[in-house]
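Trainee: First the structure, which I've put down as structure tokens, then a few questions once you've had a look.
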Amino acid sequence: MEKKYWQSLEIYDEIVKNSVSNKESMPEFSIDGLDETEIKGKSSRRDFLKMMGFSVGAVALVSSCQMPVRKAIPLLNRPQELIPGVPNYYATTFFDGDEYCSILVKTRESRPIKIEGNDLSQISQRGTSAKVQASVLNLYDDVRLKGPVKGGNQNNWKTIDAEIKGKLEILKNDDKEVVLMTSTIISPTTRKLIDEFVIAYPNVKWIQYDSLPMSAMRKANKINFEKDTIPYYHFENADVMVGFNADFLGTWLMPVTFSKQFSKGRKLKDGQTKMSRLYQFETNMSLTGSNADYRYQIKPSEEASVLLKLYNILAEKTGNVVYNTTEVKTDVSKVAKDLLNSKGKSLVVSGTNDTKIQLMVNAINSLLDNYGKTIDLNTAVNLKQGVESDIMLAISGMQSGKVGGVLFYNVNPVYDCVHKDKLTKALKNLPLKVSFATTMDETALLCDYVCPDNNYLESWNDAEPINGFYSFTQPTIRPIFDTRQFQESLLRWMDSDQSFSDYLEKNWEAIFFPKQKTFNSFDKFWFKCKKDGVYNIASEEQSQPVFKGGKLKAEKPKIGALELALYENISIGTGRYSNNPWLQEMPDPVTTATWDNYVTVSPAFAKAQGLQQEDVVKINDSLELPVLIQPGQTEETIGIALGYGRSNAGKVGDGVGKNVYGLINISTGLKNLLGTPVTLEKTSKTYSLALTQTHHVMEGRPIVRETVLSSFIKDPTSGNEEHVKFLKDENFSLYPDPKFNAFQWGLSVDLNSCTGCSNCVISCQAENNVAVVGKDQVKLGRIMQWIRIDRYYSEMSDNPEVFHMPVMCLQCDNAPCENVCPVAALSHSDEGLSQVTYNRCIGTRYCMNNCPYKVRRFNWYEFVNNNKFDYNLNSDLGKLVLNPDVTVRQRGVVEKCNSCEQRIQEKKLLAKSENRELRDGEILTACQQNCPTDAIQFGNLLDKGSNVSRTNDTGRMYHLLESLHTLPSQSYLTKVRNKKA
Amino acid sequence: MYNIKVRGVLIEGNKGYHDITQDVTNPLLSKTTPKWWWIASFVTTSMLIWGIWGFYNTIAVGTGTWGLNNSVSWGFAIINFVWWIGIGHAGTAFSIFLLVLHQRWRTSINRAAEAMTIFAVMAAGMFPMIHMGRIWDGFFVFPYPNTRGPLWDNFNSPLFWDVTAISTYLTASFLFWYVGMIPDFASIRERTVSIVKKKIYGILSLGWLGSARGWLRFESAALLMGGLTAPLVVSVHSIVAMDFAAGIVPGWHSTIFPPFFVVGAIFSGFAMVLTLMIIVRKVYKYEEYVTQRHLDAIARVLTFVSLIMGVAYISEIFVAWYSNSPYEMYVFFKNRAIGDYEFEFWAMITCNAIIPQLFWFKKIRKNITMVFIISIFINIGMWFERFVIVVTSLSKTWLPSTWHSYTPTLTEVAIFVGTLGFFIMGILMFLRFLPMMAISELKGVLKETSIVKENTKSHEE
Amino acid sequence: MIINKFVVARIPKVHCFLFPFFLFFLISYSLSSFGQTAEAEKNFTQCKACHTIGGGRLVGPDLKGVTSKYPQSWLIKFIQNSQNLIKSGDKNAVKVFNEYNKIPMPSHNLTDAQVKDILLYIKNGGKLPAGVSVKKAPIKTAVATTQQVNQEDRYFEQQRKGSRNLTISAIVFGILLLLSIFDLLFSHYLKSKWIHYVIILSALWILGEWSWDFTTGLGRQQNYQPDQPIWFSHKVHAGQNQINCQYCHFTVETSMHAGIPPASVCMNCHSQVKEGKRTGKKEIAKIYAAIKEKKPIQWVKVDNLPDFVYFNHSQHVKVGKINCTECHGDVAKMDQVAEVHELSMGWCLDCHRKHKVQFRSNKFYAEYKKLHEELRAGKIDKVTVKMIGGEDCAKCHY
Amino acid sequence: MKNKSQILGVFNDPDVVSTAVDELLRNNIPIKDVFSPFPLEHVWKKLNMKTRIPYATFLYGVLGTVATFAFLYWSSVINYPLIFGGKPTDSLSFVIIMFVLAILSGVIFTLATYLIREKLWPGKVVNLPDPRSTDDKFVIVIEKDMDMDEATVRQIDELLKKSGATEVNMSNV
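Protein chains in written order, with our numbering: chain B, 1 to 981; chain Z, 1001 to 1461; chain W, 2001 to 2398; chain R, 3001 to 3173.
See the structure below:
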């Protein structure tokens, strides 16, 4: 990969100045070689495709009606590394307050268009999550504030700075407290800055607030190890993993990192036959649960008892103290046996924010001798530093008048705080309320001043997600609007003229540069840091702290009561991404629902209550939500996703779903998502959900093929007998075998590695300009995403096994779709790809019928510039995210995955111009590049030594519906479960 | 040779040659248009206008206004297309098959049946067009020389075959129809007193004389064109069937489809002829031309064809079982018989295979009302057959994850109703302005097939 | 002049553009042992736009004696990327920069060895060392005479007129067609029928030709010659002054876009050249205005492809070694650039079907083993773009 | 030309026409034409009329097939071969198109041949010897030459009347 890193801001100057903020001066923003096309009227014959984004500017139509005049507007002064038509990559860091990821940002003509994982990072290891992929769209969100706001009106920084500074001074003199409420801050420099700010204004009290904190874990570690930290986990070292309501592959703590680790322990390539085993005890069917080898259903109130039962068995076997507990029906003996067999190579985690439970987990891990092996207490994870009591104190301070001001940075407590009513009321009389929100969110709406922060792609920062592992944020675009980084606001209010980038640089020069020895000049060091995006300071090996246990006690499980299990959704998370249409439309990997939250109930419970899918139920007599019947949900529990029901997210996110933050269980003083007792009442209403999949079992068809580890070791083709038979049968064909000259691109999906995290779906959407169609269209079965992740249950039972299967175009050599296109819009390429030529397509949709895999998508409407589809393609700003190499499809055109043809061509051209052969693994498809589990391989099938050929050369390889003799180029590898046959 | 003793009289009521001319040409030469015609035209025009709204909506807003989805991407449009094409087979089947087979009882019906063909095929032709996502680029389907390489079409595509077959069929049957009308236009030309009509029909008659040599060439040309078009009747619907049979979709991919479709087409076409002729003979009082015996003959044909349909259904199901392919079996046993669209499936079986069996009873064949009702049922049944084939197959194909059901929208219904309006409008125009029975042919069979009284009734002049 | 043109016209086109390449290849090969290659002279043409050797100050300094004034390593750095050097605070660099009106010297993609060659060339006073004689590639010098300008303009004017004439005759014949049909059927004014038929047939022919012309021309704009915001003459720059295409369109080998030069590139020369021979100060002043007002010049794109076509310049120019004139026509002879070719898909494919790939020389193509074998066995004598998938749709449409 | 006129025998019944034709032929009276409202097969036979349109049609069909095949082969194998679904470029599908287009060319050119041969075109002005021949009359036309004497005319007149003509008229062309 040709990486171009960004060197200094000065060079960058002319490009993006003024960019989109004032449309009058748009031409200044344009880049040479780019066309500026004014589309007059809708139906001009050729002008529709490939919206370059820069479609503003007055251009006159001359001479003919058919071709508008296109202008080529060069820069006045071209920065050196900016070559129009050639992408630049900048290493930076994604951190939104919850999730961390080190990334590379691809910019074209100086606008970020795509996010890739940073392969130099030891934490995210080139992986990303769907949220990270979609975050680039937030940069081009229309609802972003265009400048500082005072009392709801746009204002300028000078006035606002003066006023806020004045008020801060007054409060300081009045000795009133000012609460600086931020999300978890993992940036050491920002922390230092805040400390300085607190010194400048001693009345400022800094608290960190997380919508979904993990304070129980910190507390438990404090008790057990006297360390107020979250330890770093090593799932790759564990042979047996036991999860208790911890969706570590989906949302828990560091899902990308853990997915990477998890997949490492379960890869069956190159003759490896060892595989870790995952037991999952959970209430809702989570993504992790759907990937578990054994899955147990527990009610939230049973968790403690089950854990204690497990502890007792282990303690008994290892000769430790046993505690009394209530008997629960869940049989944990097998788990205990397995754990004991792999002592020191096992890992037990719980996602429940309950200190008692975390203490038990610690005790079990300690019994199993896991500390120092799979759990590293010395490498603290700096995420999730929020403590619930802080905000309580702050609110009571506000109520009592002790607090005179509040500054909100990257938090939205008015939306996601359990006590939001109290907070709202308390905020009313506060003299100083400042928000740094990028959009006018619920909290910002109640503030006097909004000092909009930059998007992270416009910011400078550093981060220390894990002790000793640093990572850097650098701007990839000049601030689009008149926004200012939060840190810079603090600096201004401290009467400093320093820019935060200088501050950052100075801080690193002063603190971190002396710690290393490789570089002798700071410039080189700093350049390297920015270039790599990450920097690690090796920590000295320390021995793990000693475990100090205490008495464990589990409360009696409630019987008969309906318990609520709230969960964080994999797409829109805590609600931060509500206005991101890509994420809203991303099907939940388990329920396949989009655009809503809903109540998941188990089939048995639904039967008992007479509930049908899409029936509306009333929760606690107030909250009305539709029902989704979810096999795998524990009976007598219901699950609801958080993060929905925003009222001030923006046109996309407003009013989608219901806000259930109020239902969080705070009985222990901590925010516990699980275990709130609720009542459920059926109403006569129905509400339709937009599910992308309506049938959930495979009907005995050999679609996802699976086997168990023991059979696989005996016979690598086990579970794949169909394929063996297929190869044995004479595949008589009337036609000669397809022949290719030099390349036959093939892709293989390892179903054993794929967790269904949907990162590829969004990555593909971003790369290929896939349109968002909205809830109604999804409901009609018209979703446009080129990859869909099929999810099958082994049966529609209460605890089924789950299969995830990404299906993109399989590039069949005997493609049934190609045969039937009357206008030759589909043909087969010299390189084995089924080509679709959008501009030739007349939209008979015959190919869609004839595709057995149904991977073809039709543009049912014009999704660009259409007010009915008011998403990113309907806004000049939103269109800046489009990939200029990929055509934007017109209405009436069939589209599909083309194996990222643009990337293939790009890399081929690179090889040609460098006068060398193409390297294996050089071409990465969008789905493959950031896959956190490396489940996807892409390469030349004709090259027997290529990665993909070697991957295919195992007994596990098969083609989807191969009996049809469509000869797909894309293959799948059987799923292997590590369980008893 | 026609045997009156066996078959009965073809033209009843002691008609003379002049009577025939008069009876057929009077409606179109009369200055006043009957009231019912205006009412019917009003109704059909409103249907047409609604249809035009459907067209407009589709073209202006997008195919998204239909109920289709990524799995079921063919729906109402293709159903109606096949249905109309099927109906469009009646005329040609009627006139050409029977012409080639020298079945003289066709004479009083063939013209109307051919007109029906033309309008039905035109109505059918609208669907593939409106069905396209980008109708404005529809000309891409023709392999015309271009500056793109030149880039030609995919001649493997059944849709391309469709385009050629249907345009050929429309052209051929239109020309055949028109050629058949030339002598009749001459009759009208000579009979009318209106100058305008004389001019118009004069142009249409191309200067027909009716000389012996002219008749010889005419007969020869007509027979040749008919003979050439006859295989089209088979090929067109076979090709339409190949749209499905060449597809990989379970429930489509079946070798029985071409003959099955052709038979189905004739079935629905004859039923539509029956429906139409019962109305026409009633309204125009043509009971003497379209006799009870005509209807009886059609009903018998329908009974036979219905049996073929039944066998086809059974053999389809049998083959699905015999193939042992889980996908095929699922389509027939689960999806069609007891699936989401079971009503449509059983409606198809009932209307097509069971109800026409009532024609075994002479009493029912004699009862015009019953015949009419059954013919309507057959039309409906055949529509359901296309629905079952198109929708049920597509809604549940290979991968269960992609299963999705389909419900048509108002726009689709509007387009269907619009084509119905168009069709009826066409028929109304035909009845009003064109000779609805082949005058010369009727005259040709008059003597042989009727007990003609002394030829004294000829008009005095 | 006329004779020259005549001769040129008779040389087959392919040879015409391959010849300089060939010559260059030959020379560089034969001279490589001298340590001073003819390449230097070629490379120095880039420099000539702003520098002279002993000819006095132009945009940049006179280079005579520059090799003794500065150390070689410094010169290499400066030539390769002057801005970096300036930014690093190098005193000499900053001094030169300030002295020459702060016009940055564009960075050059030259290797150290190449720069050294150029320096040697400069040291020699712009001559190759004795013993190395270089045949100059025959470059057709076009003297700008008003007559020629007019000829050029007239050529395109005629083209446009031609299409207009067709439109007019189509209208006339359309009316005639209707009249004759009416007469044939109703009025019978003309007794001889054959006149009708002749008129109808010829009208149909004309209408057919016109509609063919019209429909294939939809979305195309061959002969499109728009007025540019600045009366910039390629004939003066590329023809008379022989500025290499890539001097201004410098991203052509690295990017999909050839690149319209930023105003700063214009300023490389025009900070000194303030007056044009034909246009006076007026047109050049527009550049200054643009820079002063920070408003980029809005050039009108001449050679347009539809948006759904992916065209990459570097693929064709760098990898395919296609001469610019192949697609853009002889721009060096045009004052206002016009779209010479129709730029239709058929036109593209035509070239793809005929044009040879750099099959042996580019290592990338080693992957095409079968074709290499066939080539070796003599089964085929060349590998065209078509043979390696150049007719595939997705090569340009995705 | 001016003096040419025709003798028209008008009949009511096709069978009578048939016998009249026999009668006239027996008397060596040249029948110019017979106008009738519908085809009279036996009359053609008696007048020994033949047509060669079927041969032309066959030719058109063959030409249509060959031309279609030539076009399909040239366009999809030679001119711009594209691979669809792993099938060879010269495929069996050609047969279907060839079949259909052969019929199309057959139909269109047969009609054209017929129209040209019969000299029919829109707007052709005709003067029928007896307009009733398109309704219910059958008209035998006998050309009356200049050299035809009165006696012959009377003989023809009688002959016609005897054979069953309802009226015998003279008309000038």
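C-beta atoms are modelled at their ideal positions from N, C-alpha and C, and glycine is treated no differently.
1. For my contact list, Tyr861 (chain B) and Arg891 (chain B) are in at a C-beta cut-off of 8 Å; report their separation, rounded to the angstrom.
2. In three-state DSSP terms, what is Ser3005 (chain R)?
3. List, in chain order, every chain B residue whose beta-carbon is nearer than 7 Å to that of Lys2301 (chain W).
4. Taking C-alpha atoms, which residue in Z:Val1319, Z:Met1242 and Z:Tyr1169 lies nearest to Ala1120 (chain Z)?
5. Hey, out of Z:Arg1213, Z:Ala1115 and Z:Ile1109, whose CA is closest to Glu1288 (chain Z)'s CA?
6. Evaluate Lys42 (chain B) with the Cβ neighbour count: other Cβ atoms within 10 Å of its Cβ, from every protein chain shown; 16 or more gives buried, anything less gives exposed.
7. Select from the stretch 3080-3099 of chain R all residues with a C-beta closer than 8 Å to any C-beta belonging to chain Z, and list them in chain order.
8. Starting from Pro736 (chain B), find everything on chain R with Cβ-Cβ shorter than 9 Å and list it in chain order.
9. Contact defined as beta carbons within less than 8 Å: I believe Asn1335 (chain Z) pairs with Thr1275 (chain Z). What is the distance between those atoms, to the nearest angstrom?
10. For a quick check, are the C-beta atoms of Ile1466 (chain Z) and Ile1079 (chain Z) less than 7 Å apart?
11. Do Thr3051 (chain R) and Leu1216 (chain Z) count as a contact pair if the criterion is CB distance below 7 Å?
12. So, under 8 Å CB-CB, Thr352 (chain B) and Lys219 (chain B) are touching, yes? Tell me the CB distance rounded to an integer number of Å.
13. Per DSSP, what kind of secondary structure is Asn2092 (chain W) in: helix, strand or coil?
14. Within 10 angstroms of its Cβ, does Lys2140 (chain W) collect 16 or more other Cβ (buried), or is it exposed?
15. Counting only Cβ pairs nearer than 9 Å, list the residues of chain B close to Glu2374 (chain W).
16. If you measure between the beta carbons of Gly243 (chain B) and Thr288 (chain B), is that distance less than 7 Å?
17. Run down chain Z in chain order and give the residues with a C-beta less than 9 Å from the C-beta of Thr2384 (chain W).
18. Any beta carbon of chain W sitting closer than 7 Å to that of Asp830 (chain B)?
19. Does the distance from the CB of Ile572 (chain B) to the CB of Leu583 (chain B) come in under 7 Å?
20. Starting from the C-beta of Arg1213 (chain Z), find all residues in its chain whose C-beta is less than 8 Å away, skip the five residues before and the five after it, and write them out in chain order.
21. Rounded to a whole number of angstroms, what is the C-alpha to C-alpha distance between Lys428 (chain B) and Thr592 (chain B)?
22. With respect to the beta strand (DSSP E) encompassing Phe244 (chain B), which residues constitute its N-terminal and C-terminal limits?
23. Given this structure, state the Cα-to-Cα distance separating Phe2214 (chain W) from Val2331 (chain W), to the nearest angstrom.
24. Roughly how many angstroms separate the alpha carbons of Ala1487 (chain Z) and Leu689 (chain B), rounded to a whole number?
25. Short check: CB of Gln905 (chain B) to CB of Val886 (chain B), under 7 Å?
26. I need the DSSP call for Thr3057 (chain R), collapsed to helix, strand or coil.
27. Show which residues of chain D have a CB atom less than 7 Å away from the CB atom of Pro3014 (chain R).
28. So within the stretch 220-264 of chain B, which uninterrupted beta strand (DSSP E) runs reach at least 3 residues, ignoring any that extend past its ends?
Mentor: The relevant details are as follows:
1. With 8 Å as the limit, Tyr861 (chain B) and Arg891 (chain B) qualify as a contact, their Cβ atoms being about 6 Å apart.
2. Three-state DSSP puts Ser3005 (chain R) in a strand.
3. Neighbours of Lys2301 (chain W) on chain B, chain order: Asp35, Arg70, Lys71 and Ala72.
4. The residue with the shortest Cα to Cα distance from Ala1120 (chain Z) is Z:Tyr1169.
5. Checking every option, the nearest Cα to that of Glu1288 (chain Z) belongs to Z:Ile1109.
6. At Lys42 (chain B), the pLDDT of 33 sits below 50, so the modelled position is not reliable and the matter cannot be decided from this model.
7. Of all residues in the stretch 3080-3099 of chain R, the ones placed with a Cβ closer than 8 Å to any Cβ belonging to chain Z are Tyr3080, Leu3082, Phe3084, Gly3085, Lys3087, Ser3091, Ser3093, Phe3094, Ile3096, Ile3097 and Phe3099, in chain order.
8. Contact of Pro736 (chain B) with chain R by beta-carbon distance below 9 Å involves Gly3086 and Pro3088.
9. For Asn1335 (chain Z) against Thr1275 (chain Z), the beta-carbon gap comes to about 31 Å, at or over 8 Å, which does not count as contact.
10. Nothing can be reported for residue 1466 (chain Z): it is not among the residues displayed for chain Z, which extend from 1001 to 1461.
11. Yes, these two residues count as a Cβ contact at 7 Å.
12. Between Thr352 (chain B) and Lys219 (chain B) a beta carbon distance of about 13 Å is seen, past the 8 Å cut, so the two are scored as non-contacting.
13. The answer is helix: DSSP assigns Asn2092 (chain W) an H, G or I state.
14. Note that Lys2140 (chain W) scores a pLDDT of 36, beneath 50, so its modelled location is shaky; the value from the coordinates is reported in the next line. Per the 10 Å Cβ criterion, exposed.
15. Within 9 Å of the CB of Glu2374 (chain W), no CB atom of chain B is found; the nearest one sits about 11 Å away.
16. Contact: yes.
17. Those within 9 Å of Thr2384 (chain W) in chain Z number zero; the least Cβ separation is about 15 Å.
18. Output row for Asp830 (chain B): interface = yes.
19. Yes, the Cβ-Cβ distance between Ile572 (chain B) and Leu583 (chain B) is below 7 Å.
20. Excluding residues up to 5 positions away in sequence, nothing lies with its Cβ nearer than 8 Å to the Cβ of Arg1213 (chain Z) in the same chain.
21. The straight-line gap separating the alpha-carbon atoms of Lys428 (chain B) and Thr592 (chain B) is approximately 41 Å.
22. For Phe244 (chain B), the enclosing beta strand (DSSP E) starts and ends at Val240 to Phe244.
23. One C-alpha to the other measures close to 27 Å.
24. What is shown of chain Z runs 1001 to 1461, which leaves residue 1487 (chain Z) out entirely.
25. In this structure, the beta-carbon distance from Gln905 (chain B) to Val886 (chain B) does not fall below 7 Å.
26. Three-state DSSP puts Thr3057 (chain R) in a helix.
27. Reference to chain D is not applicable here, since the protein chains of this structure are B, Z, W and R.
28. Counting only runs of 3 or more residues that sit fully inside the stretch 220-264 of chain B, the beta strand (DSSP E) segments are 230-233 and 240-244, in chain order.
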